Every structure is written in structure tokens, then in C-alpha cells.
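Numbering (the numbering used here), first residue to last: 686 to 1203. These notes are about the structure you will find just below.
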Amino acid sequence: MKKIIWVLVVSQFVFLANVNGQRVINVDFNKSSGKLNPMFNACVGAGRANEGLRADWQQQLEYVRKQCGFKYIRMHGLLTDDMAVYTEDAKGNPQYNYMYVDALFDFLHKIGIKPFVELGFMPNALASGNQTIFWWRGNVTPPKDYNKWQALITNLVQHFTERYGAEEVKTWHFEVWNEPNLSPGFWTGTQADYFKLYDYSVKAVKSVNSGYKVGGPATAGAAWIPEMISHCSKNNIPIDFVSTHSYGVKQGFLDEYGNSGTVLSKDSLAVSGDVLNTRKQITQSALPGLELHYTEWSASYTPADPIHDSYHEAAYILEKLKQVGNAANSMSYWVFTDVFEEPGPRYTPFHGGFGLLSIQGINKPAFYSYKFMNKLGGTELANTDKRSWVCKNDQGGVQALLWDYTYTLPDSVNNQTYYIKDLPAKPKGKVKINLSHVPAGKYTMEVYKVGYRVNDAYTRYMDMGWPGQLNKQQVEKFKEENGSPVTKQEIEIKPKAVYSKEFDIRENDVILLNLIKH
686 MKKIIWVLVV SQFVFLANVN GQRVINVDFN KSSGKLNPMF NACVGAGRAN
736 EGLRADWQQQ LEYVRKQCGF KYIRMHGLLT DDMAVYTEDA KGNPQYNYMY
786 VDALFDFLHK IGIKPFVELG FMPNALASGN QTIFWWRGNV TPPKDYNKWQ
836 ALITNLVQHF TERYGAEEVK TWHFEVWNEP NLSPGFWTGT QADYFKLYDY
886 SVKAVKSVNS GYKVGGPATA GAAWIPEMIS HCSKNNIPID FVSTHSYGVK
936 QGFLDEYGNS GTVLSKDSLA VSGDVLNTRK QITQSALPGL ELHYTEWSAS
986 YTPADPIHDS YHEAAYILEK LKQVGNAANS MSYWVFTDVF EEPGPRYTPF
1036 HGGFGLLSIQ GINKPAFYSY KFMNKLGGTE LANTDKRSWV CKNDQGGVQA
1086 LLWDYTYTLP DSVNNQTYYI KDLPAKPKGK VKINLSHVPA GKYTMEVYKV
1136 GYRVNDAYTR YMDMGWPGQL NKQQVEKFKE ENGSPVTKQE IEIKPKAVYS
1186 KEFDIRENDV ILLNLIKH
């Protein structure tokens, strides 16, 4: 027989914002602040298109799409030679081939996730130089012939239209290149060269269908936004969205092996401050209505930063997304899986990779932030607490996602030294949720958690002594910890009662309270 917990009216005094230093979250079921902005799972990143032909990559993407609700995916290398898109015959005539692209995009279409199409890098037969980036050698030089580039993009977009239909492709986004402001790095040309590439690209896409969405500049560090908008507005060049990137660490940009010793920024508005400022730049520009897509973001820009594996990352993700608010249309976390070969194949199960999942598909703490956010209902309730969302869904259920964010990195210590340690979380007291005017009736009450040694595969991996390989049984053991509720009870809320729930919370804990209406 199910246990019933009776919920009685609580004292009026709980409606003080803070009681003896205790954190209190007061929410009225009848007071909405509007629709929840789903920018957090609008898009997610992946390393490169060719990796999307792997069975394990595809299995993991289907899993995270179901668990986390991602709507779009963005990746590098769609036009790089390992996708076999472009060659030229002996006379220099273009030869187009989309067999690999079709295999990938058909899979995306089948599982219900749309491409956020990054147009890059340069096919070698069309490149003006031989400079490349990454282990897989993406060519980062401008085209030797901009008209041939335009013809390639036109043909590609025509192919997409024939295969998937214009109404479907109208829901996609076409982003021109990646981080052209990093030169040397992702682009050997100038800003003017990039604008020329953009002009030819947008002309190509729009020639197929003027309703297709095109944007850029896809820069690192929130750069070139006013210049991009000015270029397009002054020259009457179409632009449907602005895109750029931000990461939460100091020291340089591209660091494939973590050799520079990245340091998590102490700035409380790292990442989110960039987003808010970019939105301000758009609002004050000649094109104030443009969409804003942050097509890469994370705590760190290196795939060799142990913060990505740490339980700290889960709270960091929520902290930043809450601060962004409604400033962005999408915040694309970089990336969904450690099947990611910019520095080449990696040889250890946990190595500080960007992914929400390890190479072998083990959920990292970061994964649970997205899994929990995906459980939030579509209506956000008015809430003055800065580290929580409280929502309701159309079925009458209530979801409260709350966290602590504490910066714990000591001065003069880098991420690669600190986050490889067993880092016990200190207590941060209690947090109490009071929900008033919740409809009377029976509910299933679930509590989910992620934090130190709770859905914390990385600390468990440390306990094992950092083995260089995990066997099949060990991987399966890791996957048994899958974010199931830590508490599950049947409760009944009486008429006019206030439902209250109190939690102990530690540094960088994440807690989801889910009330499911019967």
C-alpha cells in the first residue's frame, strides 16, 4: 500500500525571504512570469560531421536528445575532405557528392533533431592555401575562387531542399564559418575576407529560398558583432541571426591539450556577461530585432580540462544559463559527447573532454543539468531566488530546480591541477521551498540530485585509481547510476495548503523537486 503524506497549512512566517540565514524559495502556483525560455536545450554542439557517421556517436546523440530534449545540433567540418563533398576534375570543373552528408542528415532527421548548419571548413580542392587546424586537418584558408564557393553552397542548399523540402529547411539555420577572428587558427584571412565569404554564402543560400536563415560571424569571445551588423546593414546584405561563442576560463583561446593551465574565471558574470552585452549590442544596432545564438559555450575552451568531468560543472551550467535569462535564443553547449577528435583520439575514459557523456557513453555530472532542465514545465512561476527555476506544466505538475554555485578554485592554482582531486563539498545549510495555491489532490513527489558523489562518475573513477581502460562490466556499473530519483513518495496536498519541502544543500549541489499530478 502506498504511503500518503498529508501536507498541512504552514505558518505565515515562512513567507519571509530568509529565516535565520536559511535560503527560502517562495512561489505561488497562480503567479506566472511567462513562458520558460527553452534556449538551454535549443541546440547542442558536436565535434565534426565525420564523427557523426560512427555508430557510438549516433547512439549517444539519440540518447541525449531523448533525455535532454535538444532540438538542433551544430558541428564543424561539414565541407572538409573527410566528408567527400567537393572535388574538381582535370579541367577544374566542380564535382559534388553528398553521400556522407546524406547519411548523417538522414540520421538526424530520423531521430528528430535539426541541423544548425555550419558552413565550413574549406574543401582542399577549393582552398587558396594549405593551412589546417586539428588532428583531422580542417582547411582554414579562404576559397581560391569565391564564385566556386558560392556555387558549392548553392548546390548544397538545393540538395537539402530537394531531399527534405523547403518548409523543413526553413526551420534550419546556416552559419557561415567558425571563429574567423582567430587568425592564425580558424581563418587565415582578414575580417574583410570573412565578410566577403559571408556575402557570397548568404547570396547562395537566399538564391535557393529567401526564407532560409543565414547568420554569423560565429566568432570566439563575442567579437565582431557591431562590425558584422554594420557591414550587413550598410551594404544591404541579409542577416537573420547573430552568432558567437564564450567560455568561462582565462588564458588564450585554442588549447587542445590543456597545456596552458586554464583557470576558471572568478568573474561572477563570466560567459553570461558576454551574452548580455551581445544582446545590448544588437538592441543598439541598426538591426535590433536579430536573433542571438551562442553556438558554443562551456566552462572551458580546451578538451583537456578536468572541470568538464567534475561535479562542479553541473552547477556552473545552471548558474550561467539562469544569468542569461531571455537574452539569447539558444545557448549551445560545447559538446554532447567525448567522441571528439580535435586533438586526435583520446586514450583514457575521463580526460577533461567537453562532452556531457564520456567516450563510452557514461553520464557526466554536466549531463544531469540538461536532463533536469528538460523536466521543467513550459510555464515559469514568479520567483525572486536567483539560483532556481520553478515551473508548472499543462498537467498541473510543479518542478523546482535549484542549486548552489560556489567558486572553490584556490588562487594561483589552475584547473588541470585542482579538478583532478577528490573535492568534498562543504555544507551550505538548508534551502526551503514553499509552494502556495498548488491544486489540491494526490501527487507523486520525486527528488533528483547531482553533486559530490551523487551521480558523480568522475569521483568514482578517481576512487578506482584512474584506470587507463574500463572493461565492459565497469562501464555497465557506471551506467547503473543514471539520475533516477533519490526520493520518491506519494503525497496528498489538502485544499488551501502550502506545500513545503526542505533540503540540506552542499557546495555546487543541484536538486530537482518534481511534483507529478495524478
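No residue lacks a Cβ here, since even glycine has one placed at the ideal position from N, Cα and C. As the structure is a computational prediction, the values presented were derived from the model and not from experiment.
In this structure, leucine 1006 sits away from phenylalanine 1021, with a CB-CB distance that is not shorter than 9 Å.
Assignment of tyrosine 757 by DSSP, reduced to helix, strand and coil, places it in the strand class.
According to the DSSP secondary-structure assignment, histidine 997 is paired through a beta bridge with no residue. Counting the other Cβ atoms within 10 Å of the Cβ of serine 718 gives fewer than 16, which makes it exposed.
Residue burial annotation: arginine 739 is exposed, with fewer than 16 other C-beta atoms found within 10 angstroms of its C-beta. Just measuring C-alpha positions, the residue of Lys1127, Lys1106 and Pro902 sitting nearest valine 1083 is Lys1127.
Per DSSP, aspartate 787 is one residue of the alpha helix (DSSP H) stretching across 784-796.
Between the stretch 1009-1027 and the stretch 976-996 there are three or more C-beta pairs closer than 8 Å, enough to call the two in contact. Beta-bridge pairing by DSSP links alanine 851 to no other residue. Segment contact: the stretch 748-767 against the stretch 725-740, three or more CB-CB distances shorter than 8 Å; contact assigned. CA-CA distance, alanine 734 to leucine 793, rounds to 11 Å. Under the rule that a run must span 3 or more residues, the beta strand (DSSP E) segments found entirely inside the stretch 1076-1160 read 1083-1088, 1112-1121 and 1126-1135. In this structure, DSSP gives asparagine 962 a helical state, which the three-state scheme calls helix. In the same chain as valine 842, and ignoring 5 residues on each side of it, the C-beta atoms closer than 6 Å to its own belong to Val890 and Val893, in chain order.
Under the DSSP definition of a beta bridge, phenylalanine 714 lacks any partner. One thing to note: proline 808 has its Cβ no nearer than 9 Å to the Cβ of leucine 746.
Taking a cut-off of 8 Å on C-beta distances, the stretch 1033-1053 does not touch the stretch 1176-1190, as fewer than three cross pairs fall below it. Serine 1054 is positioned such that its CB atom lies no closer than 9 Å to that of threonine 980.
Across the set Thr839, Ala877 and Gly901, the C-alpha of Gly901 shows the shortest separation from the C-alpha of leucine 975. DSSP, read as helix, strand or coil, puts glycine 719 in strand. Boundaries of the alpha helix (DSSP H) harbouring leucine 882: 876-893, taken from the DSSP string. About 6 Å separates the Cβ atoms of serine 983 and tyrosine 1018, confirming a contact at the 8 Å cut-off.
In this structure asparagine 840 touches tyrosine 781 by the C-beta definition: roughly 5 Å separates them, less than 8 Å. C-alpha of valine 1116 to C-alpha of isoleucine 910: approximately 40 Å in a straight line.
With contacts defined as CB atoms closer than 9 Å, valine 960 and alanine 908 fail to qualify as a contacting pair. For alanine 810, same chain residues with a beta-carbon under 7 Å away, outside a window of 5 residues either side, are Tyr771, Thr772 and Glu773 in chain order.
In the three-state reduction of the DSSP assignment, proline 911 falls in the helix class. Between asparagine 1068 and leucine 1087, the alpha-carbon positions lie close to 11 Å from each other. The beta-bridge partner set that DSSP reports for tyrosine 1018 consists of Val729 and Trp982.
Annotation: the continuous beta strand (DSSP E) that includes proline 779 extends over 779-781.
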